[in-house]
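Letter by letter, the sequence shown follows residues 51 to 380 of the numbering used here. The structure under discussion appears below in the form of structure tokens.
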Amino acid sequence: MGLAAALTGEVVRLDRGLPLVQLEGGQQVRCEHATDLVKDGALRAVVGDIVRVERPEGHDCGVICEILPRRNQLVRKDPSERAVPQVLAANFDVVVVAQPLSQVNARRLERELVLAFETGAEVAVVLTKADLAEDESAVDQVRESVRARVGAEVPTLVVSDQDSRGVESLRAVLAPNKTAVLVGRSGVGKSSLINLLVGEDVQATGSVREGDGKGRHTTVSRQIVEIPGGGRVMDMPGVRGLGVWEAEAGIDAAFADIQEFAAQCRFRDCTHQAEPGCAVRAAVEAGLVSPQRLESYLGLRQEVNTLRERKEQARRRKGEKHSTTKKRKR
Ligand code: GDP
Ligand code: ZN
């Protein structure tokens with residue numbers, strides 16, 4: 051490998067794990083990871099990563115030799131059975147969570163908000179396909195109920211591909227030059243929204259892109275799209291499962307109402323299940339918190355705890371293996 055000086059660039063696209071890096075001069079180069087970097091299997095570049103790239107002579111590909119520390123990252127549990135994290139995007143300013151206005155899935159929204167808050171970035175919600183709502187009052191009603199859930203400090207926008215006003219409000223969230231990660235289940239209208247922001251069809255929409263056959267999802271790539279007039283959007287198609295990963299802070303932020311009541315429980319370590327003097331259960335009984343919401347909260351906390359235990363077990367097993375490989379190898 052030639053010893054050419056490394057260049058700095060940003061991962062602007064990821065296709066089947068292969069990063070496309072935009073170098074400082076604007077040139078884009080397909081990259082591989084240096085073997086040293088991925089030896090332990092842990093660190094791989096994701097969209098938004100700032101990386102150092104070497105260009106070995108006579109190669110078309112660049113080699114990523116370093117991933118610079120991330121300002122923040124969007125993480126979920128790896129969708130496989132293993133208790134490992136999967137980073138979806140790095141170095142962004144705002145997470146935009148999309149839900150279809152007429153079919154808000156409260157459970158999924160809770161998860162999306164937990165993951166979004168956990169990043170420490172700003173959070174916004176867009177309710178899509180507003181044109182499918184029955185009338186204006188239906189739109190207002192959903193917007194208000196979502197706003198009540200996510201909190202007043204989170205912008206809750208309403209958009210439709212039939213009406214440019216909502217898209218302009220999203221443009222304002224991206225201004226003057228923020229990078230947003232767009233999350234939301236397949237079909238919610240993410241690509242349509244990006245096309246509206248860009249003003250032309252840069253993303254394929256609808257069923258042409260994502261079939262339900264498993265294999266076709268591998269063609270889905272994550273990328274950064276520049277918005278004319280300011281801002282960029284990181285598109286995250288094909289992100290289905292949203293298992294939480296080390297998300298205590300995210301859970302607390304997404305369930306701030308419950309957190310507030312919890313501060314008044316008699317026991318500091320109250321689990322809000324059967325303890326006397328539980329202010330959270332009292333709030334549920336008083337109709338201030340819905341039982342489903344408490345159930346989600348407890349379920350997500352449980353999910354995080356279970357993962358932590360599995361991680362701990364895996365670590366112990368690994369330690370055992372290392373110290374006894376010779377004796378116990380079968
Ligand atoms: P994605 O999977 O989240 O990227 O969703 P798409 O942008 O591909 O949209 C899924 C389907 O919903 C497509 O058939 C779009 O034409 C349709 N769609 C997207 N936005 C709207 C909208 O505002 N109103 C209506 N009625 N349909 C929309
Ligand atoms: Zn309690």
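Backbone N, C-alpha and C define an ideal beta-carbon position, used for all residues, glycine too. What you are looking at is a predicted structure, and each value in this text was computed from that prediction instead of being measured.
Ends of the alpha helix (DSSP H) at Arg386?
-> Here the chain comprises residues numbered 51 to 380, so residue 386 is not present and cannot be evaluated.
Collapsed DSSP secondary structure at Gln352 in the structure displayed | In the three-state reduction of the DSSP assignment, Gln352 falls in the helix class, which pools H, G and I.
Given a threshold of 16 other Cβ atoms within 10 Å of its Cβ, counted over all protein chains shown, does Lys368 qualify as buried or as exposed?
-> Exposed, since its Cβ has fewer than 16 Cβ neighbours within 10 Å.
Whole angstroms is fine: what's the gap from His322's alpha carbon to Gln273's?
-> In a straight line, the C-alpha of His322 is about 42 Å away from that of Gln273.
Which term fits Gln191, buried or exposed, when burial requires 16 or more other beta carbons within 10 angstroms of its beta carbon?
-> With fewer than 16 Cβ atoms within 10 Å of its Cβ, Gln191 is classed as exposed.
The beta strand (DSSP E) spanning Lys394 covers which residue range?
-> As shown, the chain starts at 51 and ends at 380. That puts residue 394 outside it, with no answer to give.
Leu220 versus Arg365 - alpha carbon distance = Spanning the two alpha carbons is a distance of roughly 44 Å.
Flag Val334 as yes when its Cβ comes closer than 6 Å to any non-hydrogen atom of the ligand ZN, and as no otherwise.
-> Val334 Cβ: outside cutoff for every heavy atom of the ligand ZN.
Using the DSSP secondary-structure output, state which residues sit across from Val154 in a beta bridge.
-> In the DSSP output, where bridge partners are listed per residue, Val154 has none listed.
Work out the CA separation of Ser187 and Cys328 for me, nearest whole Å.
-> Between the alpha carbons of Cys328 and Ser187 lies a gap of roughly 37 Å.
Selection from Val103, Ala297, Asn155 that minimises the alpha carbon distance to Gly234 = That would be Asn155, whose Cα lies nearest to the Cα of Gly234.
May I ask whether a heavy atom of the ligand GDP can be found less than 6 Å away from the beta carbon of Val238?
-> Set against 6 Å, the gap from the CB of Val238 to the closest heavy atom of the ligand GDP is smaller.
Grouping DSSP H, G and I as helix and E and B as strand, with all else coil, what is Gln191?
-> Here DSSP, grouped into helix, strand and coil, assigns Gln191 to helix.
Going by the beta-carbon positions, is the gap between Pro150 and Val238 smaller than 7 Å?
-> Pro150 places its beta carbon less than 7 Å from that of Val238.
Residues sharing a beta bridge with Val79, DSSP | Val71, per the DSSP bridge assignment.
Bridge-paired residues (DSSP) for Asp302 = BP columns for Asp302 are empty, so no partner.
In angstroms, rounded to a whole number, what distance separates the CA positions of Arg66 and Ala180?
-> Rounded to whole angstroms, the gap between the alpha carbons of Arg66 and Ala180 is 33 Å.
Below 7 Å between beta carbons: does that hold for Val137 and Ala171?
-> Cβ atoms of Val137 and Ala171: not closer than 7 Å.
Could you tell me whether any non-hydrogen atom of the ligand ZN is closer than 6 Å to the CB of Val330?
-> For the ligand ZN, at least one heavy atom lies less than 6 Å from the Cβ of Val330.
Just reading off the beta strand (DSSP E) that Ala174 is part of, what are its end residues?
-> Following the DSSP letters along the chain, one finds Ala174 inside the beta strand (DSSP E) bounded by residues 172 to 178.
What is the DSSP secondary structure of Phe142, reduced to helix, strand or coil?
-> In this structure, Phe142 counts as coil in the three-state DSSP scheme.
With respect to the alpha helix (DSSP H) encompassing Ile277, which residues constitute its N-terminal and C-terminal limits?
-> Segment: none, Ile277 is in no alpha helix (DSSP H) and carries neither H nor E.
Start and end residues, alpha helix (DSSP H) containing Glu335 | Counting along the chain, the unbroken alpha helix (DSSP H) around Glu335 starts and ends at 329 to 335.
Could you tell me if the beta carbon of His83 falls within a distance shorter than 6 Å of some heavy atom in the ligand ZN?
-> When distances are taken from the beta-carbon of His83 to the heavy atoms of the ligand ZN, even the shortest one reaches 6 Å or more.
May I ask you to check if the CB of Leu246 is nearer than 6 Å to at least one heavy atom of the ligand GDP?
-> No, the Cβ of Leu246 stays beyond 6 Å of every heavy atom of the ligand GDP.
What residues match up with Asp285 in a beta bridge as DSSP calls it?
-> Leu232, Gln273.
What's the C-alpha gap between Cys111 and Asp99?
-> The straight-line gap from Cα to Cα measures roughly 18 Å.
Which same chain residues, not among the five before or five after Gly261, have their C-beta less than 7 Å away from its C-beta?
-> Its pLDDT being 45, under 50, Gly261 is placed unreliably in this model, and the coordinates cannot settle the point.
Could you tell me the distance, in whole angstroms, from the CA atom of Ala299 to the CA atom of Glu168?
-> Whole-angstrom Cα-Cα distance: 6 Å.
What did DSSP end up calling Arg343 once you bin it into helix, strand or coil?
-> DSSP, read as helix, strand or coil, puts Arg343 in helix.
Would the beta-carbon of Val275 fall within 7 Å of that of Val354?
-> Not in contact: Val275 and Val354 (Cβ atoms no closer than 7 Å).
Just how far apart, CA to CA, sit Ala333 and Val173?
-> When rounded, the distance between both Cα atoms is 26 Å.
Can you pull the DSSP bridge partners for Arg94?
-> Paired residue(s): none; Arg94 is not in a bridge.
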